[in-house]
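> Mind having a look at this structure? Questions to follow.
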Amino acid sequence: MKESWKPCPMFCPNCGSLNYGYKSEDEKIKYECVKCKVKFVRVQKGRRHDTIDLFSPHGQEVLI
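First residue of the sequence shown? That's 4 in the numbering used here, and the numbers climb one at a time after it.
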């Protein structure tokens, strides 16, 4: 089995800094922002449709 790791760049939706993640076997791309420590998971649903789940760092509250 040949594995090919390809970096996937994405700007942080929280602070705007550039981050790099790698695809897992289940087609999820996991990132962790080096600036604000937010973790986010990107799932590609189709050619033009992505879903992004944001997770705040431990100890921070979500502002609505």
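Heads up, the beta-carbon is just placed ideally off N, CA and C, and yes, glycines get one too.
1. Rounded to the nearest angstrom, what separates cysteine 11 and cysteine 39 at their Cα positions?
2. Within its chain, find whatever has a CB closer than 7 Å to the CB of tryptophan 8; leave out the 5 residues flanking it on each side and keep chain order.
3. What are the start and end residues of the beta strand (DSSP E) that includes glutamate 35?
4. Give me the Cβ distance between valine 46 and lysine 31, rounded to the nearest whole Å; I'm assuming they're in contact under 8 Å.
5. How close, in whole Å, do the beta carbons of valine 41 and phenylalanine 58 come, if the pair is a contact with beta carbons under 8 Å?
So, to answer that:
1. On the sequence shown, residue 11 is found 8 positions in, with the first residue counted as 1. On the sequence shown, residue 39 is found 36 positions in, with the first residue counted as 1. If you take the alpha carbons of cysteine 11 and cysteine 39, they lie about 19 Å apart.
2. The residue given as residue 8 occupies position 5 in the sequence shown. Excluding sequence neighbours, tryptophan 8 sits near Tyr25.
3. For the purposes of this step, residue 35 is taken as the residue at position 32 of the sequence shown. Taken as a continuous stretch (DSSP letters only), the beta strand (DSSP E) holding glutamate 35 covers 31-35.
4. The count along the sequence shown starts at 1 and reaches residue 46 at position 43. The count along the sequence shown starts at 1 and reaches residue 31 at position 28. With 8 Å as the limit, valine 46 and lysine 31 qualify as a contact, their Cβ atoms being about 5 Å apart.
5. Numbered from its first residue, the sequence shown carries residue 41 at position 38. Numbered from its first residue, the sequence shown carries residue 58 at position 55. 7 Å between Cβ atoms; contact.
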